Amino acid sequence: RAGPWKQSNKKHSTGRHRSKGAVEKENRGRVGLKVFSKKGMKIEKKLDRRNKQIQARNLARQEILNKKRALGGSGAPPVLVALIPLSDSQEENVQGVIERLTGLEDVQVTKTETGF
165 RAGPWKQSNK KHSTGRHRSK GAVEKENRGR VGLKVFSKKG MKIEKKLDRR
215 NKQIQARNLA RQEILNKKRA LGGSGAPPVL VALIPLSDSQ EENVQGVIER
265 LTGLEDVQVT KTETGF
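For the sequence shown, my numbering gives the first residue as 165, with consecutive numbering after it.
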């Protein structure tokens with residue numbers, strides 16, 4: 165239509181900031197220094213988190229190994245308990261058996277009410 169009744173469309177308003185296209189035209193593919201440094205910091209933080217997880221995992225493994233190695237030591241229950249049944253004919257020889265056992269390394273013989 166011609167004349168005053170012609171339709172007039174509004175121009176596109178990009179808002180209160182520059183449009184994405186305007187920013188890309190200004191930069192022409194260049195990366196800002198602040199953006200690059202923030203990205204580097206983010207990667208370092210990620211590596212730090214990963215390293216912290218690895219260290220915590222290794223520490224937990226080390227603690228478990230230390231607990232396993234401490235088993236049977238002082239303040240811990242014995243690892244191996246042996247009950248040696250003796251026949252009636254060997255009752256006189258009990259002291260000899262006990263002396264042989266106590267002569268070995270890492271062997272502790274305890275006496276109870278019913279026996280040794």
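Note that CB positions come from ideal geometry on N, CA and C, so glycine has one too.
Computed from a predicted structure; not experimentally measured.
Helix, strand or coil at residue i [DSSP, three-state]
{"i": "glycine 267", "result": "coil"}
{"i": "arginine 182", "result": "coil"}
{"i": "glycine 260", "result": "helix"}
{"i": "glutamine 254", "result": "helix"}
{"i": "lysine 232", "result": "helix"}
Residue from the options with nearest C-alpha to residue i
{"i": "isoleucine 248", "options": "Glu269, Glu256 and Ile262", "result": "Ile262"}
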